[in-house]
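J.: So that we are looking at the same thing, I have put the structure below in structure tokens.
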Amino acid sequence: MFSPEIIKYAIDLVAVLLLALGIKGLSKVRSAREANRLAALAMGLAILGVLFNASFQDGIALSALLWIISGTLVGGLLGIFVAHRVPMTAMPEVVALFNGCGGMSSLLVAIGVALFPVASTSEALNVSLVENISIVVSVFVGAITFSGSIVAMAKLQGWLSTPNWIQSKFRHVINLGLGVLALVAVFDISRGGLDGLWLLVVSSVLLGIGVTLSIGGADMPVVISLLNSYSGIAAAAAGFVVGSQLLIVAGAMVGAAGLILTQVMCKGMNRSLVSVLFGGAIGQDLGSSANQGAEYTNITSCSAEECALTLEAAERVVIVPGYGLAVAQAQHTLREVTRLLEVAGIVVDYAIHPVAGRMPGHMNVLLAEADVPYEQLKEMDVINPEFPATDVVLVLGANDVVNPQAKSDRSSPLYGMPVLDVKEAKTVFVIKRGMSAGYSGIKNDLFELANTSMVFGDAKKVLGDLLVELKELGVGRSV
Amino acid sequence: MSFLSEAFWVLLLGSLLGFELIGKVPPTLHTPLMSGANAISGITVLAALTLIIKAGDNLPLLLMGSVSLGFALFNVIGGFLVTDRMLAMFSRKTSRRKDFR
């Protein structure tokens with residue numbers, strides 16, 4: 001029998017299948033792009049499915065259609081605009097922003113259904129207990145996702161720094177208090193109170209802020225990934241609220257996948273999820289500890305010219321790019337320098353620390369933008385044994401990820417974090433604007449080693465000078 | 480109760496599927512995967528749509544649904560486009576190398 005009901009189920013099934021294939025494909029380099037399009041297609045199908053089903057059941061009122069179109073236009077156009085405008089360096093912020101908006105959407109749906117129970121759709125869902133639970137979950141998780149993501153974005157943008165008061169242990173009391181407040185609100189909702197709903201919204205939003213604000217910028221990627229998982233959970237809860245199995249399955253998939261991804265990232269940074277969430281920012285707890293603000297002695301600095309001379313004589317060069325490189329927008333100049341070296345027959349590799357850039361994998365994206373061949377990007381475990389056979393290491397805007405303290409100094413807050421063993425190389429050049437500390441605020445012992453030379457200056461400018469010097473030396477001139 | 484029990488099964492199986500789908504992810508793909516998964520989590524568009532369709536002539540509800548739809552679509556469309564932009568840079572590289580050879 002041909003019935004719209006069956007078509008709707010078929011569309012839903014195909015959409016779920018495509019979504020699953022999409023997530024699966026996104027975890028392999030070769031299939032990633034197609035997988036992303038597949039997932040987008042699945043989303044489009046799912047939307048058509050809802051519209052199709054509705055128009056067959058009761059029809060869609062004209063006014064509803066107008067509201068749908070206006071919402072689509074505003075959200076869609078803004079999305080297209082932002083997606084095209086955002087520079088690759090700002091990717092973490094933008095993902096956080098998108099994620100926050102997804103959370104906001106679930107939050108609004110849940111509030112809408114709670115205020116106007118007419119909108120509750122599935123007849124079977126009139127079981128008010130379940131409906132209440134799913135509304136509560138959707139509001140709670142949606143609100144945390146929203147405010148947490150916005151705080152994460154603001155911190156990554158540098159609009160918000162970690163205030164000192166929130167670093168104190170007192171913050172746990174505040175967050176706990178907010179949690180209790182949320183529970184009280186839930187109790188009120190369970191007795192049919194509407195005040196409880198608003199109390200829940202407010203306390204959850206504040207809780208999202210309170211938890212995220214104390215987390216250091218270096219841990220932000222983990223937080224975004226976790227919040228991404230939350231937004232999946234919020235979507236699944238919204239699925240219970242409006243009675244959509246497709247929403248539940250997609251939300252659950254994203255929620256679970258996000259959780260796994262979060263764990264993978266934590267492993268890369270050698271941090272446990274618990275210490276990321278409750279430990280506060282690395283280095284900030286130290287306060288007046290001797291480690292912080294320590295003076296550097298024995299610093300050797302040199303000019304771009306000397307650096308170029310050493311590079312000319314090298315056979316094997318490893319570049320260690322960090323976020324500073326991206327901030328200076330120097331990827332492209334770097335690529336010109338390495339092209340010269342490659343033409344001159346020097347082997348060039350890039351050592352990519354798992355958390356290089358500001359999000360795992362961020363640096364790979366930035367270097368890919370500058371046309372660096374994918375094969376030259378070496379992961380930490382691959383490149384570390386090769387440093388002793390390396391003539392020159394160029395550290396560009398990276399700091400904590402090359403700090404030997406992480407291996408040698410048990411008292412260091414960085415101790416245990418996997419780092420790149422650049423000090424094993426014959427010569428290390430650190431290109432840096434000044435002697436300021438890295439993200440963690442911890443002194444870097446590498447700078448004082450005998451085989452390390454500092455080249456002071458903005459990464460883009462130094463690389464530009466380097467390019468000129470290398471050309472004058474005749475490096476890479478095709479004969 | 481049929482929808483409810485079905486819904487819990489769906490939740491359970493969906494979560495298991497999500498856990499299984501992501502096994503070993505190369506670090507290169509962490510950022511795109513995160514942004515792709517993020518786009519998928521914008522699936523709340525469906526909830527927003529349902530809300531609008533069922534709202535009848537309830538103006539506040541229509542407005543809420545519409546705003547919710549806007550937020551969700553911002554997430555979905557922006558998320559997929561941004562992911563595609565990132566992944567395009569990886570695939571560009573491999574295809575160009577083929578041209579050279």
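Sequence lines, in order, name chains A and B.
For what it's worth, our numbering labels the leading residue of the first sequence as 1, then goes sequentially.
For what it's worth, our numbering labels the leading residue of the second sequence as 480, then goes sequentially.
Cβ atoms here follow ideal geometry from the backbone N, Cα and C, with glycine treated the same way.
Contact check, H509 (chain B) vs M359 (chain A) under 8 Å by CB: the rounded distance?
T.: The residue labelled residue 509 (chain B) in the question sits at position 30 within the second sequence. The residue labelled residue 359 (chain A) in the question sits at position 359 within the first sequence. About 7 Å separates the two Cβ atoms, so the contact holds.
J.: Under 8 Å by Cβ, that's how I've got A182 (chain A) and S203 (chain A) pegged, so tell me the actual separation to the nearest angstrom.
T.: If you number the first sequence from 1, residue 182 (chain A) lands on position 182. If you number the first sequence from 1, residue 203 (chain A) lands on position 203. Correct: roughly 4 Å between the Cβ atoms.
J.: Can you tell me which residues form a DSSP beta bridge with F487 (chain B)?
T.: As a first step, residue 487 (chain B) is located in the second sequence; it is residue number 8 there, counting from the start. According to DSSP, F487 (chain B) bridges with nothing at all.
J.: Alpha carbon to alpha carbon, how far is A308 (chain A) from M454 (chain A)? Give it in angstroms, no decimals.
T.: Numbered from 1 along the first sequence, position 454 holds the residue referred to as residue 454 (chain A). Numbered from 1 along the first sequence, position 308 holds the residue referred to as residue 308 (chain A). C-alpha separation (whole angstroms): 13 Å.
J.: Hey, I23 (chain A) and A370 (chain A): beta-carbon distance below 8 Å or not?
T.: Working through the first sequence from its first residue, we reach residue 23 (chain A) at position 23. Working through the first sequence from its first residue, we reach residue 370 (chain A) at position 370. Cβ atoms of I23 (chain A) and A370 (chain A): not closer than 8 Å.
J.: Per DSSP, which one or two residues make a beta bridge with K378 (chain A)?
T.: To locate residue 378 (chain A), count along the first sequence from 1; it is residue 378. Paired residue(s): A:A351.
J.: Compute every distance between the C-beta of A83 (chain A) and the non-hydrogen atoms of the ligand HEM, then say whether any falls below 7 Å.
T.: In terms of ligand content, the structure shown is empty, and the ligand HEM therefore cannot be addressed.
J.: Report the CB separation of G476 (chain A) from F553 (chain B) in whole angstroms; it is logged as a contact under 8 Å.
T.: Along the first sequence, read from residue 1 onward, the residue named residue 476 (chain A) stands at position 476. Along the second sequence, read from residue 1 onward, the residue named residue 553 (chain B) stands at position 74. G476 (chain A) to F553 (chain B), Cβ: 46 Å. No contact.
J.: So, helix, strand or coil for R316 (chain A), using DSSP?
T.: For the purposes of this step, residue 316 (chain A) is taken as residue 316 along the first sequence, with counting starting at 1. It is a strand residue.
J.: Please report the residue range of the alpha helix (DSSP H) in which P454 (chain A) lies.
T.: Locating residue 454 (chain A) in the first sequence gives position 454, counting from the first residue. First, the amino acid is wrong: residue 454 (chain A) is Met here, not Pro. No alpha helix (DSSP H) holds M454 (chain A); the beta strand (DSSP E) holding it covers 452-456.
J.: Which same chain residues end up closer than 6 Å to G103 (chain A) when comparing Cβ atoms and leaving out the 5 residues on each side of it in sequence?
T.: What you label residue 103 (chain A) is simply residue 103 of the first sequence in a count that begins at 1. Cβ within range, chain order: G142, T145, F146, S231, A234.
J.: The alpha helix (DSSP H) with L41 (chain A) in it runs from where to where?
T.: Against the first sequence, residue 41 (chain A) aligns to sequence position 41. 32-57 is the extent of the alpha helix (DSSP H) around L41 (chain A).
J.: Below 8 Å between beta carbons: does that hold for F559 (chain B) and A368 (chain A)?
T.: Taking the first residue of the second sequence as 1, we reach residue 559 (chain B) at position 80. Taking the first residue of the first sequence as 1, we reach residue 368 (chain A) at position 368. No, the Cβ-Cβ distance between F559 (chain B) and A368 (chain A) is not below 8 Å.
J.: Leaving aside the five residues before and after C302 (chain A) along the sequence, list all residues of the same chain whose C-beta is less than 7 Å from its C-beta, in chain order.
T.: The count along the first sequence starts at 1 and reaches residue 302 (chain A) at position 302. So the list reads S453, V455, once near-sequence residues are dropped.
J.: According to the neighbour-count rule (16 or more other Cβ atoms, all chains shown, within 10 Å of its Cβ), is N99 (chain A) buried or exposed?
T.: For the purposes of this step, residue 99 (chain A) is taken as residue 99 along the first sequence, with counting starting at 1. Flag for N99 (chain A) reads buried.
J.: Go to I431 (chain A), then tell me how far its beta strand (DSSP E) extends in each direction, as first and last residue.
T.: By 1-based counting over the first sequence, the position of residue 431 (chain A) is 431. Element bounds for I431 (chain A): 427-432.
J.: Please decide whether Y9 (chain A) counts as near chain B, where near means a Cβ-Cβ distance under 8 Å.
T.: In the first sequence, the residue the question calls residue 9 (chain A) occupies position 9. No - not a single Cβ of chain B is within 8 Å of the one on Y9 (chain A).
J.: Assess contact between the region 58-67 of chain A and the region 529-548 of chain B, defined as three or more Cβ pairs (one per stretch) separated by less than 8 Å. Is contact present?
T.: Yes, the region 58-67 of chain A is in contact with the region 529-548 of chain B.
J.: Relative to the C-alpha of S275 (chain A), which candidate in A:L26, A:P413, A:D400 has its C-alpha closest?
T.: Taking the first residue of the first sequence as position 1, residue 275 (chain A) is located at position 275. Cα-wise, what sits closest to S275 (chain A) is A:P413.
J.: From the DSSP output, in three-state form, read off V343 (chain A) for me.
T.: Counting from 1 along the first sequence, the entry for residue 343 (chain A) is found at position 343. Looking at V343 (chain A) - three-state DSSP - the assignment turns out to be helix.
J.: In terms of DSSP beta bridges, what is V393 (chain A) paired with?
T.: As a first step, residue 393 (chain A) must be located in the first sequence, where it is residue number 393. Note: V393 (chain A) sits in a beta bridge opposite A:V318, A:V428.
J.: Taking Q405 (chain A) as part of the alpha helix (DSSP H), name the residues at either end of that continuous run.
T.: One-based indexing of the first sequence puts residue 405 (chain A) at position 405. 405-408 is the span of the alpha helix (DSSP H), which, as asked, contains Q405 (chain A).
J.: Any chance the region 245-253 of chain A sits against the region 490-499 of chain B, with 3 or more Cβ pairs inside 8 Å?
T.: Verdict: yes, contact present.
J.: Output, in sequence order along the chain, the residues in the region 308-332 of chain A whose CB is closer than 9 Å to any CB in chain B.
T.: Those would be none; no residue qualifies.
J.: Excluding the 5 residues flanking L38 (chain A) on each side, which residues of the same chain have their C-beta closer than 7 Å to its C-beta?
T.: The residue you call residue 38 (chain A) lines up with position 38 of the first sequence. Same-chain partners within the cutoff: L18, L21, G22, G25.
J.: Taking DSSP as the reference, what is the three-state secondary structure of S411 (chain A)?
T.: Mapped onto the first sequence, residue 411 (chain A) falls at position 411. S411 (chain A): coil per DSSP, three-state reduction.
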